[in-house]
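At position 251 of the sequence shown (counting the first as 1) the number is 308 in our numbering, and the numbers step up by one without a gap.
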Amino acid sequence: MDKIESRGENRTVTRRRDWKVSEAAARVLALPRAEARAVDAVLNCWAGRFARRNFPLLIREITLSGNLQHAVHVFRWMKNQDNYCARNDIYGMMIRLYAKHNQVDQARGLFFEMQEWRCKPDADIYNSLIHAHSRAGQWRWAINIMEDMLRAAIPPTRTTYNNVINACGAAGNWKKALELCKKMTENGVGPDLVTHNIVLSALKNGAQYSKAISYFEIMKGANVTPDTFTLNIIIHCLVKIGQCGEAIELFNSMRERRTKCPPDVVTYTSIMHSYCIYGQVENCKAIFDLMVAEGVKPNIVAYNSLLGAYASRGMHRKALAIFNLIKKNGLRPDIVSYTSLLNAYGRSAQPEKAREVFNKMKKNSCKPNKVSYNALIDAYGSAGMLKEAVGLLHEMEKDGIQPDVVSISTLLAACGRCRQITRIETILEAARSRGIDLNTVAYNSGIKSYFSFGDYEKALELYTSMRESNVKPDAVTYNILISGSSKLGKYTESLRFFEDMVDSKVSSTKEGKLSEAESTFSSMKNSGCFPDVLTYTTLIQAYNAGGGWKRAWDLFKEMEVNGIPPDAIICSSLMEAFNKGGEPERVLQLMEFMKKKSIPLNQKSYFEIIASCTMIRDWKTASEMIEYLDSSLSSISVGTLNHVLNFLGKCGKTENMMKLFYKMVTSCSTVGLSTYAVVLRNLLVVGKWRKYIEVLQWMEDSGVHPTLYMFQNVLPYIWRENGMDFAATMQEKISSLRDKQTWPY
Numbered sequence: 058m059d060k061i062e063s064r065g066e067n068r069t070v071t072r073r074r075d076w077k078v079s080e081a082a083a084r085v086l087a088l089p090r091a092e093a094r095a096v097d098a099v100l101n102c103w104a105g106r107f108a109r110r111n112f113p114l115l116i117r118e119i120t121l122s123g124n125l126q127h128a129v130h131v132f133r134w135m136k137n138q139d140n141y142c143a144r145n146d147i148y149g150m151m152i153r154l155y156a157k158h159n160q161v162d163q164a165r166g167l168f169f170e171m172q173e174w175r176c177k178p179d180a181d182i183y184n185s186l187i188h189a190h191s192r193a194g195q196w197r198w199a200i201n202i203m204e205d206m207l208r209a210a211i212p213p214t215r216t217t218y219n220n221v222i223n224a225c226g227a228a229g230n231w232k233k234a235l236e237l238c239k240k241m242t243e244n245g246v247g248p249d250l251v252t253h254n255i256v257l258s259a260l261k262n263g264a265q266y267s268k269a270i271s272y273f274e275i276m277k278g279a280n281v282t283p284d285t286f287t288l289n290i291i292i293h294c295l296v297k298i299g300q301c302g303e304a305i306e307l308f309n310s311m312r313e314r315r316t317k318c319p320p321d322v323v324t325y326t327s328i329m330h331s332y333c334i335y336g337q338v339e340n341c342k343a344i345f346d347l348m349v350a351e352g353v354k355p356n357i358v359a360y361n362s363l364l365g366a367y368a369s370r371g372m373h374r375k376a377l378a379i380f381n382l383i384k385k386n387g388l389r390p391d392i393v394s395y396t397s398l399l400n401a402y403g404r405s406a407q408p409e410k411a412r413e414v415f416n417k418m419k420k421n422s423c424k425p426n427k428v429s430y431n432a433l434i435d436a437y438g439s440a441g442m443l444k445e446a447v448g449l450l451h452e453m454e455k456d457g458i459q460p461d462v463v464s465i466s467t468l469l470a471a472c473g474r475c476r477q478i479t480r481i482e483t484i485l486e487a488a489r490s491r492g493i494d495l496n497t498v499a500y501n502s503g504i505k506s507y508f509s510f511g512d513y514e515k516a517l518e519l520y521t522s523m524r525e526s527n528v529k530p531d532a533v534t535y536n537i538l539i540s541g542s543s544k545l546g547k548y549t550e551s552l553r554f555f556e557d558m559v560d561s562k563v564s565s566t567k568e569g570k571l572s573e574a575e576s577t578f579s580s581m582k583n584s585g586c587f588p589d590v591l592t593y594t595t596l597i598q599a600y601n602a603g604g605g606w607k608r609a610w611d612l613f614k615e616m617e618v619n620g621i622p623p624d625a626i627i628c629s630s631l632m633e634a635f636n637k638g639g640e641p642e643r644v645l646q647l648m649e650f651m652k653k654k655s656i657p658l659n660q661k662s663y664f665e666i667i668a669s670c671t672m673i674r675d676w677k678t679a680s681e682m683i684e685y686l687d688s689s690l691s692s693i694s695v696g697t698l699n700h701v702l703n704f705l706g707k708c709g710k711t712e713n714m715m716k717l718f719y720k721m722v723t724s725c726s727t728v729g730l731s732t733y734a735v736v737l738r739n740l741l742v743v744g745k746w747r748k749y750i751e752v753l754q755w756m757e758d759s760g761v762h763p764t765l766y767m768f769q770n771v772l773p774y775i776w777r778e779n780g781m782d783f784a785a786t787m788q789e790k791i792s793s794l795r796d797k798q799t800w801p802y
């Protein structure tokens, strides 16, 4: 207000001074609470409300502040003004603000409303709305909006595609993400590094770790320079598939070229996690110290990784030290921090201390979750305190948390420790009544508990239930069954379980398991139960897996002495043991033995014989085997044939390799990219680039599309021989593939 006094008259004239748009916005934002009346009262006193051009400026000031409630009331006030006219930019700013606050339905409502007011959405508005659905994981809506965008003749930008692909990836729908990436390329919008990172994230979220690593290799082949985010994803995937050595190598390379891709806290945490998986706590701590030394500030996830590493080993003092360090450095321990510390006390047989941490968690307004309860149940169960463990089951249900299969398996294991067989039935019934399906770990806990009481029938009954429920037994299951049966003197049953394990292709390479198998085998013979050919085959396969060809050979001879005729399966298993043990000559001797006994060669025998021939460079016999393969080629798996091709190529027998390859092409209908890759790789090693190009042409003629790598790899050889015509053709192919087939959708 401006006050003006008139000299001629004894009166005061008050004139309103107009506010600037920024002042009007500031007055609205200064309101303590965003209420309709308060906002209306302020804006109705603003003279600038009569100028239509001020409306978009006002809404811009309000939306830039990020205050959604004030913006909603201002927008409502605007629409009630007589001089208001709907505008694209106003709707666009409001849609973006709703998207920022993850209020997707309201953003979508405004999108439809603006079209009713005949405002045509532009590419930015479409992208904002798609981005909102992307952040909310509503990938179907994101795709529908992009399709509306296409129908409106607005071409999607790279940002559009990235948002839609990100929506699919966040929801774990990696197949749809790859499909959209292909569509993106076909529509002439090439992917950038952001796109590739989104696709890698989609593959990671969908647990397609090997595919993510393959995609990364193709990125490198297309000269796409990765950033730290890219490499963090690859490190995560390598750790997930057990290639921790490769993950650490990649981490070290990031440290070496830190100006380009410096490792961040996510990188260090992933490496710490990899060491934690393998129980290497000291290395985990070393990486944590390295992170601090290199100036990377640890976050709560990094602290929790180290805390979890100590907890897994029951190192409660060091775990407590890290827990206190979290608070000392200004971070607030979260549910993972408390649960890890609780677990550390549980693993060190201190359930009372674990309970103290649990109570402290509740006191500090950190609500325990299912993992926390299970950790405390395990702490009580491991200490043999079954009553307290079962009590926790009821306590978690009172807190509105339903027990899961981990809770049940923990209680089942506790029954065995406390030697309370009646409790096992009660817990199994509790699982059934709550609709909890037992997994392999739960069945293992129950079976082991029954064996601890010497109740073979109940253990067998639970194992039968496991198979009927289509729950796949693992090595631990069979180890429990074999060991438990042997201790009860049931040697025949023990050996039958061992045979089941081999038939199920469950790994039995550990020395302890092999010793148990041998013990069972000996006990079986001592008890007058004589093994048959299947029993001998099973044990020979176990020796084969363990690299003991001598013991396998002794067992084979013992079988002959006992008058048990060998078959093709046991002979091929023995051949594999010979090759693994560096005794290829014995493979050929066994082949002659099979001929003499009229034992037919199976697929595995062919492969092992050819492999042994390549070791001792007996190319005549190898060629004969390939001739024998001719009649049964279509019945042999492509994987076996690819191995044979690779053996021949590695040993420099390119002619034999190509001879077998020709036969595969003419007799097999499943010659795919993997077979061509083996042949091409070995042709290039010996410099036969013309034959290489010929095979590439066969690929294209047969409908198998060569990858970009396959064309790029041959170029140096062509240039070396001055094959300029061939080089020009290859360059055309490479350019075409870069435009169309760079990425494996």
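We put the beta carbon where it would ideally sit given N, CA and C, even for glycine.
TODO: Compute the beta-carbon to beta-carbon distance between residue 241 and residue 218, rounded to the nearest angstrom, for a pair I have assumed lies under 8 Å.
DONE: 4 Å
Task: Element boundaries [alpha helix (DSSP H), containing residue 112] - done: First-last of the alpha helix (DSSP H) with residue 112: 111-121.
Task: Start and end residues, alpha helix (DSSP H) containing residue 493 - done: First-last for residue 493: undefined, no H or E at that position.
- [ ] Put residue 610 into one of helix, strand or coil per three-state DSSP.
- [x] helix
Open item on the list: Quick check on residue 621: does DSSP put it in helix, strand or coil?
Closed with: Coil at residue 621, not helix or strand.
Open item on the list: Please return the same chain residues whose Cβ sits closer than 7 Å to the Cβ of residue 439, not counting the five positions on each side in sequence.
Closed with: 403, 406
Task: Unbroken stretches of the alpha helix (DSSP H), 4 residues or longer, contained in the region 173-239 - done: Segments of the alpha helix (DSSP H) lying fully in the region 173-239: 180-192, 196-208, 215-227.
Open item on the list: Taking the straight line between their C-alpha atoms, what separation do you get for residue 269 and residue 348?
Closed with: For residue 269 and residue 348, the distance between alpha carbons rounds to 26 Å.
Open item on the list: Going by DSSP in three states, residue 472 sits in which element: helix, strand or coil?
Closed with: helix
TODO: With DSSP as the reference, label residue 278 as helix, strand or coil.
DONE: In the three-state reduction of the DSSP assignment, residue 278 falls in the helix class.
Open item on the list: For residue 743, count the other beta carbons within 10 Å of its own beta carbon; 16 or more makes it buried, fewer makes it exposed. Which is it?
Closed with: exposed
- [ ] Note down, in chain order, each residue of its chain lying with its Cβ closer than 8 Å to the Cβ of residue 375, except the 5 sequence neighbours on either side.
- [x] 367
Task: Option in 465, 267, 506 with minimal Cα separation from residue 492 - done: 465
Task: Inter-residue spacing [alpha-carbon to alpha-carbon] between residue 828 and residue 701 - done: This structure cannot settle anything about residue 828, because the visible part of the chain is limited to 58 through 802.
Task: Span separating the alpha-carbon of residue 386 from that of residue 435 - done: 31 Å
Open item on the list: Tell me the residue span of the alpha helix (DSSP H) that contains residue 160.
Closed with: Segment: none, residue 160 is in no alpha helix (DSSP H) and carries neither H nor E.
TODO: Could you check what DSSP says for residue 302 in three-state terms: helix, strand or coil?
DONE: Residue 302: helix per DSSP, three-state reduction.
- [ ] Return the CA-CA distance between residue 733 and residue 746, expressed in angstroms with no decimal places.
- [x] 14 Å
- [ ] Can you grab the Cα-Cα spacing for the pair residue 393 / residue 517, in whole Å?
- [x] 38 Å
Task: Outcome for residue 261 when other beta-carbon atoms lying within 10 angstroms are tallied against a minimum of 16 - done: buried
TODO: Measure the alpha-carbon distance for residue 77 versus residue 177 and round it to whole angstroms.
DONE: 30 Å
Open item on the list: Which residue wins for smallest C-alpha separation from residue 145, given the options 126, 156, 159, 167?
Closed with: Among 126, 156, 159, 167, the Cα nearest to that of residue 145 belongs to 167.
- [ ] Using the Cα positions of residue 304 and residue 658, report the straight-line distance between them to the nearest angstrom.
- [x] Residue 304 and residue 658: Cα-Cα distance of roughly 42 Å.
- [ ] Work out the CA separation of residue 199 and residue 229 for me, nearest whole Å.
- [x] 15 Å
Task: Inter-residue Cα distance where the pair is residue 680 and residue 713 - done: Rounded to the nearest angstrom, the two C-alpha atoms are 7 Å apart.
Open item on the list: At the level of alpha carbons, what is the spacing between residue 334 and residue 184?
Closed with: 41 Å
Task: As assigned by DSSP and simplified to three states, the class of residue 789 - done: helix
Task: Contact check, residue 362 vs residue 326, beta carbons under 8 Å - done: yes
- [ ] Give the DSSP-derived three-state secondary structure of residue 318 in the structure shown.
- [x] Of the three classes helix, strand and coil, the one that applies to residue 318 here is coil, per DSSP.
Task: Reference residue 419, options 656, 391, 431, closest by Cα - done: Of all alpha-carbon atoms in 656, 391, 431, the one lying nearest the alpha-carbon of residue 419 is that of 391.
Open item on the list: Within a Cβ cutoff of 6 Å, which residues of the same chain sit near residue 91, ignoring the five residues on either side of it in sequence?
Closed with: 126, 127, 130
Task: Whole-angstrom distance between residue 251 and residue 292, CA atom to CA atom - done: Approximately 18 Å between the Cα atoms of the pair.
Task: C-alpha distance - residue 149 paired with residue 247, whole-angstrom precision - done: 27 Å
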